[in-house]
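>
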Ligand SMILES: Nc1nc2c(c(=O)[nH]1)N[C@H]1C(S)=C(S)[C@@H](COP(=O)(O)O)O[C@H]1N2
Ligand SMILES: [Mo]
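Residue numbers (mature numbering (1 follows the signal peptide of the UniProt record, and there is no 0)): -29 to -1, 1 to 140.
(1) On a Cα-Cα basis, can you pick out the residue from 4, 11, 10, 26 that is closest to residue 17?
(2) Let me check one thing: in DSSP terms, what residues is residue 101 bridge-paired to?
(3) Compute the Euclidean distance between the alpha carbons of residue 137 and residue 8, then round it to the nearest angstrom.
(4) Would you please state the rounded distance, in angstroms, between the beta carbons of residue 126 and residue 134? I believe it to be under 8 Å.
(5) Give the range of the alpha helix (DSSP H) segment to which residue 23 is assigned.
(6) CB residue 6 to CB residue 61, shorter than 9 Å?
(7) Residues around ligand 1, please: the condition is that the C-beta lies closer than 6 Å to some non-hydrogen atom of it.
(8) Helix, strand or coil: which one does DSSP assign to residue 58?
(9) In three-state terms, what does DSSP make of residue 47?
(10) Buried or exposed: where does residue -10 fall if 16 or more other Cβ atoms within 10 Å of its Cβ makes it buried?
Put into structure tokens, the structure is as follows:
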């Protein structure tokens, strides 16, 4: 009887330990996006950080040829938060900087820094997290770049995982 009780107690504490470890791992905040490179404050962002940022709506044409309403964070806001040279600082040699966006499948696209800057560009390039009010589905989201007005959606990179600022020289 004693040994059974001891075994039960052992089992119980082992289960408690496993459950604790699993919930601990689950609640540990996951990095969903990084902003690095030529920035003064590299960012390691979690879902909640991105949800809390200001959202902008843009209209974009999907493969179906129809207009869809995308909502997301202006890429320039992420760059600003990371301390990249945007706005008034975007002059001189900073005009030779570019931004590489990488996805989970290894796909990468490039934007020149002025393409993203509000003082240069007339269109708003966003890191979208929803389309027509719904989250982006698997294989597309949780984050996708949307470039309004571009004839081909090749830079609408899906499953974005990082944004990196680099110097071209
Ligand atoms: N991560 C990732 N994003 C990607 C691609 C890719 O291969 N991987 N292909 C691009 C290309 S070439 C096009 S044309 C569009 C297609 O978007 P759709 O799948 O929503 O039609 O996604 C772009 N985004
Ligand atoms: Mo494409």
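Ideal Cβ placement from N, Cα and C applies to all residues, glycine included.
Judging by the given coordinates:
(1) Ranking 4, 11, 10, 26 by Cα distance to residue 17 puts 4 first.
(2) 42, 106
(3) Each residue's Cα considered, the two are about 6 Å apart.
(4) No, residue 126 and residue 134 are not in contact; Cβ-Cβ is about 13 Å, not under 8 Å.
(5) Taken as a continuous stretch (DSSP letters only), the alpha helix (DSSP H) holding residue 23 covers 18 to 23.
(6) no
(7) 34, 74, 76, 78, 124, 125, 127, 128, 129, 130
(8) helix
(9) helix
(10) Unreliable placement is indicated for residue -10, whose pLDDT of 45 sits below 50; no coordinate value is reported for it.
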